[in-house]
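Q: Here it is, the structure in full.
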Amino acid sequence: MLALIPALPLLGAIVNAVLNRRANRVVAGSIASAAVGASAILSFLTFFQVLGNHGVPVTQTLWTWMHVGTLNVDIGFSADPLSATMMCIITGIGFLIHVYSIGYMDDKEDARSVWRYFSYLNLFVFAMLLLVMGDSFPLMFVGWEGVGLCSYLLIGFWFTNTDYASAGKKAFITNRVGDFSFLIGLFWLFWALGDHATMNFAELSEVVAANPAILGGVGGLTVTAICLLFFGGATGKSAQIPLFVWLPDAMAGPTPVSALIHAATMVTSGIYMICRLSFLFVQAPAALAVIATIGALTAFFAATIAITQTDIKKVLAYSTVSQLGFMFLGVGVGAFTAGFFHVMTHAFFKALLFLGSGSIIHALHHEQDMRKMGGLRKHMKVTFAIFVVGWLAIIGFPGLSGFFSKDEILWLTFITPVFEGLPFGSVMPKVLWALAVTTALLTAFYMSRLMFMTFWGEYRGGHAHDAHGHGAHDDAAHGVDPHGAGAHGHAADAHGHGHAHTPHESPLVLTGPLLVLALLSAVGGLLNLPHWMPGAGWLHHFLEPVFEHAHVAFPEGNPLEFPLMGITLLGVAASVGLAYYLYVVAPAKPAEIAARLRPLYVGSLNKWFVDEIYDRVLLTPLVLFSRQILWAVVDAQIIDGAVNGAAAAATGLGRLHGRLVSGRVQAYALSIAAGAALIVTVYALGA
Amino acid sequence: MPSLLSLVTFLPIVGAAIVAALPERAAKSSALAVSVLAFLVSIPLWFQFDPNSAELFQLVEKMDWIPAFGVSYHVGIDGVSLLLILLTTVLTPIIVLAGFSGVDKNQRGYFALMLVLEGAMIGTFVALDTFLFYLFWELVLLPMYFLIGIWGGERRLYAAVKLFVYTIVGSLLMLVALIGLYVLHHQVEGTWTTDLGRLLALNIPYDTQLWMFACFALAFAIKVPMFPLHTWLPDAHVEAPTGGSVVLAGVMLKMGTYGFYRFAMPLFPEATMAFGPFLIALCVIGIVYGALVAMVQDDVKKLVAYSSVSHLGFVMLGLFALNPQGVAGSIYQMLNHGVSTGALFLLVGVLYERRHTRKIVDYGGLTKVVPLFAVAFMIVTLSSIGLPGTNGFVGEFMILLGAFQYAPIPTAIATTGVIFGATYMLWMFQRVMFGPLTNRANQTLTDLNAREIGYMAPLIVLIFVMGVFPQPFLDRINPSVNAFVARMEERFDGTPYLAAGGVPSWIGAASAAPAPAAAPHDDAPTHAAPPAHHAPAPDAASGAHGE
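Protein chains in written order, with this note's numbering: chain B, 15 to 701; chain Z, 208 to 754.
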């Protein structure tokens, strides 16, 4: 039965590919949704089975994949508490997003290719399920690269637009950089295990538990290096410094794709992988410190970009990078359950926010610029209501899901014991905490800015003919925004309808899934309530078997917990207030501030020029070097020069040419024979 | 009635004579019939070969040929030969079918040469006698020379001569070493023989091994081709007709890697150890260099040609890992490269026939007009970049895993090939297939026709089958690989360079070779205290004093 869970979406993908253009939007969408829906039912059944088993995994092995020497890999699946939870998130949210897509992908221009969309989307669910269900590294890697492929295909879904196709390619290649690191880590791990070499997670966990020193013990160089290499893989897939650059560009894909792949599921693979290997990571405190630091820095860095973006999806994209940073901070301080809990709540509220933005974009005929929105709460009441839930959840409004998960990460960061013994080990938790709280305040600010610019004030759109004019608007009047504005202009090209309109509420097929997600975003926190509430820590308890060998003893009874929470909450409230003042009360202020802090503003608006730096420092020199040195000089002049020179010197290339033209290769055959005979004679006589 | 193996080898050659004898208008159908028949005849090999047999070489035929010189007709196959033969017999009908269009002059000659080529290539994979092998090896060159020289593009003569000169230089050196080996066997054992099995039993002095290995290695390295001996390949590929490119990439290049596997390395194990670090360095350079140069090509065929340099670098790297994972991965990757790169050249050929250009800039946005072609092209591209689930991943993964044990740092550098591979392939794919359809000449492109679908489909099926169910293939490869690795390990203790819990040796491969200074010499029958763990085994050394 377990194998059916990934098999059904794969089947759906194949059916839609075979039906091809014969399947219209509703048919293709229904097939795809049914496949994922059935898979979701089986996933929940499996989940309850694991729950009933008290965490004993459900497994199934299909066939031998690779068996050579000491390498022995099967196609086998395992559903333990961690993967079973992920399966439910993937198929559950996946199902909602499939249904939503039936309503969303209704552009006439896409009618002939919409089967492709649903086929890819099903294929993605299949790959994502392989990633979490695979019981060995190589099978996980199939999913790991498979989701990258689907992401590539879906980002470039509107491939006639060169920018979109490039965004897809950038995502794939950046992910490959991470995969490179992952592979090296895996090779190293395999050989470092010596006679215990295995690629199977369960076996690996047993081997490490039985031989704690096999990788050098806690703090050992080998285990630290391996963990850092694995984390390198995670920075690609989960968009962390230095490989986060692909995710914002990935927003070129259809918005439901952004919700499913680039917010709720695929980008959390890195966290999943670290949780899966938590028994290794706890042996490497230095690696954990790097993870926590990178996570906190990424969270902060991405938030500083999000505050000035004007494309609603770009804000959400940087917000995703930032929230992923929070998750890494969580696992980095040894709070694996907390990090994973944030994966879960984030999946709810970020899918909600993306789909909500999709509802707006759909209603405004592919308008994504918040400067052309405004006042939408009057026109789109349902969308507004669910957006409020998502907004309150992400900024950590008490009681909503994001509050519980984010607060747990913040608190456990403050008190984490895992850095003891490392240089700066005692101050590090406090610094990371401060950085994370600052980020939480920035989050509250930019999300509120998004809300106020979109839903408050007066509607500023309605002049579709003006879509290409970048006239002075209140926020980014002086902006230098080559990417955001450029990409957005293309979106209008491809799908704009070019007539004036008033925004309208989206149909039920769009709002239905939103309502479910809104409910989950609101009450998802119940799954893992903090220790001071009744019914606390259900998820923590459920995941205990997974983290059995990765136990971190957080100190209890610290009196600072509530005061610190209070500080955070006050700061969040102040940030919301500031955003309200700047974007509702005094909408001319942001431009003034931007003018006064111009270097900072331009930097933030242009994503601190990271793309440009990578381009100038890495890509351009590499291409130039390959073209001008390797190809033009080494290949054409040095090697070929030597070959041609030798040939010319030996026989005179001209005569050779002439003879060959007249077809006298026999002469060469003859000379081979003659030469051979000569050598035999000489050698035989000499001997 | 000849036995099966001889039948498989000579049927295409006899068929070539028939094709040549029949009138021109029967050329296509008769060639297709012969190649399909050759494929059908080769199928029983898969079933008659017993992967669990204790016999390494099966279906052996042996008879005296030129007894006075000790030359025998000795053929037989292990799992590696088996799969390479099947690769050849699968690809040939596909190549013939692809040649139904695009070959506009002297079709009889074209197809007859293609069939001779098939027979000769199979011959190199079955030969267990060095003389027989050399004969087939040289026989391969001539049809290829004419295929490029007659049916090639504008600069076909330059390309054909370059191929010829490069290959003949290597072949002559190999011949010298073969003769040397022949004479040495006579000196030591007192009998003349060219039989591989008996030559393998010979204990060859270390110094002699070095120069003989160098000769063999040069011949094979040119064929592979390894950096820096690769520059004949891009020219040959660009000028060759589609069928020529497919057979070149699909099978002929593997003759080089197969030569290392079957002859150069087992015959001269100590020399292999000695040259190992040097050759691994060349592999790594080739992988990265090939990929970077591929990235900046503006001709699709040239791009694929340079990607072959990179991919074959992986194959060689796996061989020199000298452990089961690396070597089996290398063998598997030979097959994969044949399937994937063969398919890539076929697809490039499809475009070329329609538009008569290979320049990337002449294309763009083709997906809209040729959706089926786009799907096929995407799948083959993904296979080429080793996406898990396709064949390319299985081979690449095993190679890199295996090589990492032997040489961590060089392997890490080689692994960057997976990044560059994705870069050049996807960039090319994007420029050809995505974006707006700006070139008006492309707006009337026709999608794959039934014949083209017919010959692409088997390769696309193989891409997935070999990616998802590699074990039946690996079961056939493994006994041969284990014997190969065991033979190598006899000569050194095989200590993993990455001990449990340890840190890899940062200098990587450099520590793996026996220091030449410590190796025994001809005139030093008592071995001069070799270092404890990398020295040749005593039996190898004691055979050194032949005189």
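Cβ atoms here follow ideal geometry from the backbone N, Cα and C, with glycine treated the same way. Small disclaimer: the values here were computed from a predicted structure and weren't measured.
(1) Comparing C-alpha positions only, which one of Gly348/B, Leu85/B, Ile255/B, Ser195/B sits nearest to Ala211/B?
(2) Name the two residues that bound the continuous beta strand (DSSP E) containing Ala378/B.
(3) Step through the CB atoms of chain B and report whether any lies within less than 8 Å of the CB of Gly520/Z.
(4) Taking only three categories from DSSP, how would you classify Met280/Z?
(5) Could you tell me which uninterrupted alpha helix (DSSP H) segments, each at least 4 residues in length, are contained entirely in the stretch 113-153 of chain B, listed from first to last along the chain?
(6) So what does DSSP say about Pro559/B, is it helix, strand or coil?
(7) Tell me, which residues are paired with Lys269/Z by DSSP?
(8) Quick one: Cα of Pro643/Z to Cα of Asp506/Z, how far?
(9) Please list, in chain order, the chain B residues whose beta carbon lies closer than 9 Å to that of Ala264/Z.
(10) By how many angstroms is the C-alpha of Glu123/B removed from the C-alpha of Pro448/Z?
(11) What distance in whole Å lies between the Cβ atoms of Arg391/B and Phe469/B, which are believed to be in contact at a cut-off of 8 Å?
(12) Kindly confirm or deny that the stretch 464-471 of chain Z and the stretch 519-535 of chain Z touch, where touching means at least three C-beta pairs closer than 8 Å.
(13) For the stretch 555-581 of chain Z, which residues have a beta carbon sitting closer than 8 Å to at least one beta carbon of chain B?
(14) How would you label Leu540/B, buried or exposed, when you count the other beta carbons within 10 angstroms and need 16 or more for buried?
(15) Using DSSP bridges, identify the partner residues of Gly90/B.
(16) Below 8 Å between beta carbons is the criterion; list the residues of the stretch 611-633 of chain Z that meet it against any residue of chain B, in chain order.
(17) Tell me which same chain residues have a C-beta within less than 8 Å of the C-beta of Phe101/B, skipping the five on either side of it?
(18) Compile a chain-ordered list of the residues in the stretch 647-661 of chain Z whose CB is closer than 7 Å to at least one CB of chain B.
(19) To test your reading of the DSSP string, which unbroken alpha helix (DSSP H) runs of 4 or more residues are found completely within the stretch 498-568 of chain Z?
(20) With H, G and I counted as helix, E and B as strand and the rest as coil, what does DSSP make of Leu705/Z?
(21) Quick one, are the C-beta atoms of Ala264/B and Ala361/B less than 8 Å apart?
(22) Measuring only the C-alpha atoms, how far is Gly344/B from Gly43/B?
(23) Less than 8 Å between C-beta atoms, sequence neighbours within five positions excluded: which residues of the same chain meet that for Ile255/B?
(24) Rank Val454/Z, Val267/Z, Ser236/Z by C-alpha distance to the C-alpha of Met328/Z and give the top, closest one.
(25) For Ser219/B, which option in Phe295/B, Tyr595/B, Ala609/B, Trp129/B has the closest C-alpha, if you only look at C-alpha atoms?
(26) List the residues of chain B whose Cβ lies closer than 8 Å to the Cβ of Pro677/Z, in chain order.
(27) Which two residues bound the contiguous alpha helix (DSSP H) that contains Gly389/B?
(28) Where does Leu229/Z fall in DSSP's three states?
(29) Using a Cβ-Cβ distance cut-off of 8 Å, determine whether Phe155/B contacts chain Z.
(30) Whose Cβ in chain Z lies nearer than 7 Å to the Cβ of Asp654/B?
(31) Distance cutoff 8 Å, beta carbons only. Does Pro350/Z sit that close to anything in chain B?
(32) Write down every uninterrupted run of the alpha helix (DSSP H) in the stretch 557-627 of chain B whose length is 4 residues or greater and which is fully enclosed by it, in chain order.
(33) Less than 7 Å between C-beta atoms, sequence neighbours within five positions excluded: which residues of the same chain meet that for Gln314/Z?
(34) Thinking Leu243/B and Trp205/B are a contact (beta carbons under 8 Å), I'd like their distance in whole angstroms, please.
(35) Excluding sequence positions up to five away, which residues of its chain have a Cβ less than 6 Å from the Cβ of Gly538/B?
(36) Leaving out five residues on either side along the sequence, give the residues of the same chain with a beta carbon under 7 Å from the beta carbon of Asp507/B.
A: The relevant details are as follows:
(1) Per the Cα distances, Leu85/B.
(2) Here residue 378/B turns out to be Leu, not Ala, going by the sequence shown. Here Leu378/B belongs to no beta strand (DSSP E), and DSSP marks it neither H nor E.
(3) No, Gly520/Z lies away from the interface with chain B (no Cβ there is under 8 Å from its Cβ).
(4) It should be noted that the sequence gives Tyr, not Met, for residue 280/Z. In the three-state reduction of the DSSP assignment, Tyr280/Z falls in the strand class, which pools E and B.
(5) As far as the stretch 113-153 of chain B is concerned, its whole alpha helix (DSSP H) runs of at least 4 residues are 128-147.
(6) Assigned with DSSP and collapsed to three states, Pro559/B falls in coil, not helix or strand.
(7) Per DSSP, His281/Z.
(8) Looking at the two C-alpha atoms, the distance is approximately 20 Å.
(9) Note that residue 264/Z is Phe in the sequence shown here, rather than Ala. In chain order: nothing, as chain B lies at least about 21 Å away.
(10) Going from the Cα of Pro448/Z to the Cα of Glu123/B covers about 40 Å.
(11) About 4 Å separates the two Cβ atoms, so the contact holds.
(12) Result yes; three or more Cβ-Cβ pairs closer than 8 Å.
(13) When CB distances to chain B are screened at a threshold of 8 Å, the residues of the stretch 555-581 of chain Z falling below it are Gly572, Thr574, Lys575, in chain order.
(14) Counting the other CB atoms within 10 Å of its CB gives Leu540/B a total below 16, which places it among the exposed residues.
(15) Answer is Thr75/B.
(16) Listed by position along the chain: Phe611, Gln612, Pro615, Thr618, Ala619, Thr622, Thr623, Val625, Ile626, Ala629, Thr630, Leu633.
(17) Before going further, note that residue 101/B is Met rather than Phe in the sequence given. Excluding sequence neighbours, Met101/B sits near Ile19, Ser57, Thr60, Phe61, Ala93, Leu143, Val146, Met147.
(18) If you check each beta-carbon in the stretch 647-661 of chain Z against every beta-carbon of chain B, none falls closer than 7 Å.
(19) If we require 4 residues or more, the alpha helix (DSSP H) runs fully inside the stretch 498-568 of chain Z come out as 507-528, 531-562.
(20) Low confidence applies to Leu705/Z: its pLDDT is 33, below 50, so where it sits in the model is not reliable, and the reading given next is rough at best. Coil, per DSSP.
(21) Ala361/B sits away from Ala264/B, with the two beta carbons spaced by 8 Å or more.
(22) When rounded, the separation of the alpha-carbon atoms in Gly344/B and Gly43/B is 37 Å.
(23) Taken in chain order, the residues that qualify are Thr249, Ile308, Leu311, Thr312, Phe315.
(24) Distances from the alpha-carbon of Met328/Z to those of Val454/Z, Val267/Z, Ser236/Z put Val454/Z closest.
(25) Distance from the Cα of Ser219/B is smallest, within the candidate group Phe295/B, Tyr595/B, Ala609/B, Trp129/B, for Phe295/B.
(26) For Pro677/Z, the chain B residues whose C-beta falls within less than 8 Å of its own C-beta are Trp79, Met80, listed in chain order.
(27) Element bounds for Gly389/B: n/a, residue is neither H nor E.
(28) DSSP places Leu229/Z in coil when its eight states are reduced to three.
(29) Yes, Phe155/B lies at the interface with chain Z (some Cβ there is under 8 Å from its Cβ).
(30) At a beta-carbon threshold of 7 Å, the residues of chain Z lying near Asp654/B are Thr438, ordered along the chain.
(31) With 8 Å as the cut-off, Pro350/Z does not count as an interface residue toward chain B.
(32) Correct list: 575-594, 603-610, 612-619.
(33) Within the same chain, Glu231, Ala234, Lys235 come within 7 Å of Gln314/Z by CB-CB distance, once the 5 residues on both sides are set aside.
(34) Cβ-Cβ separation between Leu243/B and Trp205/B: approximately 13 Å, too far for a contact (criterion under 8 Å).
(35) Cβ neighbours of Gly538/B within its own chain (closer than 6 Å, five residues either side excluded): Thr359, Phe362, Ser415.
(36) Legend: pLDDT at Asp507/B = 37, less than 50; position of this residue unreliable, no value from coordinates given.
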